[in-house]
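Student:
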Amino acid sequence: MLQADGRASIRSVAERVHVSRANAYARINRLVEDGVIRGFGARVDHERAGHGTSAYITLKIVQNTWRTVREQLRQLPGASHIALVGGDFDVLLLVHTPDNRTLRELVLTRLQAIPEVLSTRTLLVFEEEDLEPQW
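Numbering (numbering that gives the first Met the number 0), first residue to last: 0 to 134.
1) So, does the segment 22-32 touch the segment 64-74, judging by three or more C-beta pairs under 8 angstroms?
2) Taking 8 angstroms as the cut-off, does the segment 85-99 touch the segment 13-30 (at least 3 CB pairs, one atom from each stretch)?
3) Answer yes or no: do residue 55 and residue 122 have a C-beta to C-beta separation smaller than 8 angstroms?
4) Counting only runs that start and end within the segment 1-52, where is the alpha helix (DSSP H) found for 4 or more residues in a row?
5) To the nearest whole angstrom, what separates the beta carbons of residue 102 and residue 57, a pair I think is in contact under 8 angstroms?
6) To which residues of the same chain is residue 61 closer than 7 angstroms at the C-beta, ignoring the five residues directly before and after it?
7) Between the beta-carbon of residue 96 and the beta-carbon of residue 105, is there less than 8 angstroms?
8) With DSSP collapsed to three states, give me the class of residue 130.
9) If we ignore side chains and look at the alpha-carbon of each, how far apart do residue 5 and residue 83 end up?
10) In the DSSP output, what is residue 79 paired with across the bridge?
11) Measuring only the C-alpha atoms, how far is residue 99 from residue 40?
12) Are residue 92 and residue 112 close, meaning C-beta to C-beta below 8 angstroms?
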């Protein structure tokens with residue numbers, strides 16, 4: 000329920016799951032303390048926020064350099080998701096940029112300048128949609 004609406008009141012959560020407000024409050028606090036809930040935020044419409052170009056970028060990196068590369072990727076403007084994956088490439092990066100020119104500069108100037116990055120492939124996103132959790 001909180002994934003769908005992070006601003007839901009304790010009262011509405013308690014009513015929906017049929018527990019007291021005190022119990023709902025304690026359970027939510029425990030989930031936060033245990034790290035199950037890592038934070039609360041807003042879902043942004045990137046196009047309306049001035050970042051109308053989105054792309055998934057796959058990277059092949061030098062073996063055993065994930066931690067170093069991850070720290071450098073965190074510094075990239077517009078980076079919103081970074082994952083170490085198995086398969087034909089090593090890293091999957093989601094970026095949101097104002098336009099294609101900015102995306103091009105990000106890939107050709109910033110990403111390919113990282114010494115541990117062996118190659119990149121850019122997959123331009125034509126349309127995207129956040130899915131509501133189906134628990």
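Ideal Cβ positions, reconstructed from N, Cα and C, are used throughout, including at glycine.
Predicted, not measured: the structure shown is a model, and the values here were computed from it.
Tutor: Judging by the given coordinates:
1) Touching, no.
2) In short, these stretches do not touch, since the Cβ pair count stays below three.
3) Cβ distance < 8 angstroms, so residue 55 and residue 122 count as in contact.
4) 9-16, 20-32, all fully within the segment 1-52.
5) Contact flag wrong, Cβ pair sits at about 14 angstroms.
6) Counting only Cβ-Cβ distances below 7 angstroms, and skipping sequence neighbours, we find 115, 117.
7) Using a Cβ distance threshold of 8 angstroms, residue 96 and residue 105 count as a contacting pair.
8) Note: residue 130 maps to coil in three-state DSSP.
9) In a straight line, the C-alpha of residue 5 is about 27 angstroms away from that of residue 83.
10) Per DSSP, none; premise fails for residue 79.
11) Their backbone Cα atoms lie some 27 angstroms apart in a straight line.
12) Not a contact, by the Cβ cut-off of 8 angstroms.
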